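Residue numbers (the working numbering): -12 to 240.
Structure record follows, encoded as C-alpha cells.
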Ligand code: PGA
C-alpha cells in the first residue's frame, strides 16, 4: 500500500432489504472495534440508505451509494440526487461501476457529469475503471481512455483526494481474481498515467483500490501490493463474517 489510508468498501449491488441491512450492521459493527487507520464503507441499495444512515450515525462505518444522478432535482423519474443521499448519511458515491456502464448505458460523458456532480456536492466519488476479457490485452488503452474522459477538467488537488477503483470486468462476480501481480501492474500503470497528466505527488496521493472477486482467502496478498490501497468488494461484503475478515487482512498490512 502507498501512504494512503486504506479503504475497504462493500458494494452490495441489488441485495438486502432495510431489515437485512440492519441485521448486517448489528452483526458487523462489533468487528470494527479496535480497527484504526482503515476506512470501512458499506454501499447498500437506495432503499436501505435511510435505515443504515440512522444506525451508523456517530459510528466509524461509512455509508455510500451505488449511483447518483447529476442533476440537483427535477423531472427525472427513478433518479436520486446528491441532496437526498446526503440526507441519508451517505459520504461516498460509486461512479461508473462497470454494471452501470454496461447494463444502464452510463457512458464516459455521463460518468464525467456524475463525477463532477458528486464533487460539487462535497461527496466523495469512487471512480471505477476496468477492461473486459476481450480488452485485456489492450488494458492500457482502455483504462487510459476512461481516465482521460472521466477525469476531464478535474484539478490535481481534487484528484489527490479522490478514490479510483480498478476492477477488471472479467474478475467481477466470476470468482476469477486478477493475480496480485496483474492487479499491481495495472494499478501502477494508473499511477503512471496520473503522474504524466498531473504530477507524481498527485499520483502517490490518489487512493487506488482493486475490485473483482476479492475474498477473505485472497485479500491479504492483494492488499500487500505496493500500489493497492484497499478493496472494492462485491459478493463477499454481503456476509458480515467474510467482510470482517477482509478488513482484518487490511489490518495486517
Ligand atoms: P465481486 O464484485 O467482488 O462480487 O466480484 C466487485 C464489484 O463489482 O465491485
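Glycine is no exception: its CB is placed at the ideal position from the N, C-alpha and C atoms.
Note that the coordinates shown come from a computational prediction; the quantities given were computed from them, not determined experimentally.
Under 7 Å Cβ to Cβ from residue i, same chain only, skipping five residues before and after it: list those, please.
i           : result
residue 206 : 218, 233 and 236
residue 119 : 156 and 157
residue 131 : 180
Considering only their Cβ atoms, is the gap separating residue j from residue i smaller than 8 Å?
i           : j           : result
residue 42  : residue 9   : yes
residue 229 : residue 203 : yes
residue 27  : residue -8  : no
residue 238 : residue 22  : yes
residue 59  : residue 68  : yes
residue 110 : residue 80  : yes
residue 7   : residue 227 : no
Going by other Cβ atoms of all chains shown within 10 Å of its Cβ, with 16 needed for buried, is residue i buried or exposed?
i           : result
residue 112 : buried
residue 161 : exposed
residue 34  : exposed
With a threshold of 6 Å on Cβ separation, who are the neighbours of residue i within its own chain once the five nearest residues in sequence on each side are excluded?
i           : result
residue 224 : -3 and 230
residue 100 : 57
Would you please verify whether the beta carbon of residue i is less than 8 Å from any beta carbon of chain D?
i          : result
residue 22 : Among the chains of the structure shown, chain D does not appear; only one protein chain is present.
For residue i, collect the residues of the same chain with a Cβ closer than 8 Å to its Cβ; drop the 5 residues on either side in sequence, then sort them by chain order.
i           : result
residue 171 : 212, 213, 214 and 215
Residue ranges of each beta strand (DSSP E) run of no fewer than 3 residues wholly in the segment 157 to 211, ordered along the chain?
194 to 198
Pairs of beta-carbons, one from the segment 136 to 155 and one from the segment 179 to 186, closer than 8 Å: are there three or more?
The segment 136 to 155, when compared against the segment 179 to 186, does touch it at the 8 Å Cβ threshold.
Of all the alpha helix (DSSP H) runs that stay within the bounds of the segment 22 to 57, which reach a length of 4 or more residues?
33 to 43
Validate contact between the segment 127 to 146 and the segment 87 to 101 using beta carbons, cut 8 Å, 3 pairs:
Cβ pair count under 8 Å is three or more, so yes.
Return the chain-ordered ranges of every alpha helix (DSSP H) run that is complete within the segment 49 to 128 and spans a minimum of 4 residues.
69 to 74, 85 to 90 and 95 to 107
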